[in-house]
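> All residue numbers for the sequence shown refer to this note's numbering, where the first residue is 2 and numbers rise by one.
We treat Cβ as the ideally placed atom computed from N, Cα and C, and that holds for glycine.
Computed from a predicted model, the values in this text were never measured in an experiment.
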Amino acid sequence: MESSVRRLFERYARVFNRSLGGDMDMDAVAALYASEFIAASPAGVVTGKNDGQLEQVMMQGHARYRAMRRRC
């Protein structure tokens with residue numbers, strides 16, 4: 002189990018880092034999430050579905066991360 006979790010997070014890190022470079026593979030991003038999931042942030046906890054809305058939110062979020070990266 003530990004190795005499976007480690008591989009998942011390694012894959013997540015690769016996909017995330019590629020997206021920071023502008024290579025946003027939404028199929029790869031969507032594959033990291035279950036059909037329904039829970040997300041937590043300072044704004045609170047929400048539930049979501051792995052659908053077009055997730056894709057849109059993820060694209061916006063990654064655009065913000067890229068913008069922050071450029072400012073550093």
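Identify which residue in Phe10, Ala41, Arg71 has its Cα closest to the Cα of Ala32.
Answer by Cα proximity: Phe10.
> List, from N- to C-terminal side, the alpha helix (DSSP H) runs of 4 residues or more that fit wholly inside the segment 3-54.
Entirely contained in the segment 3-54, the alpha helix (DSSP H) runs reaching 4 residues are, in chain order, 3-21, 27-32.
> Quick check: what's the CA-CA separation for Gly45 versus Phe38?
So the two alpha carbons sit approximately 14 Å from each other.
> Any idea if Val6 is buried or exposed, counting beta-carbon neighbours within 10 angstroms, 16 or more meaning buried?
Flag for Val6 reads exposed.
> In its own chain, which residues sit with a C-beta less than 6 Å from the C-beta of Thr48, not counting the 5 before and 5 after it?
So the qualifying residues of the chain are Ile39.
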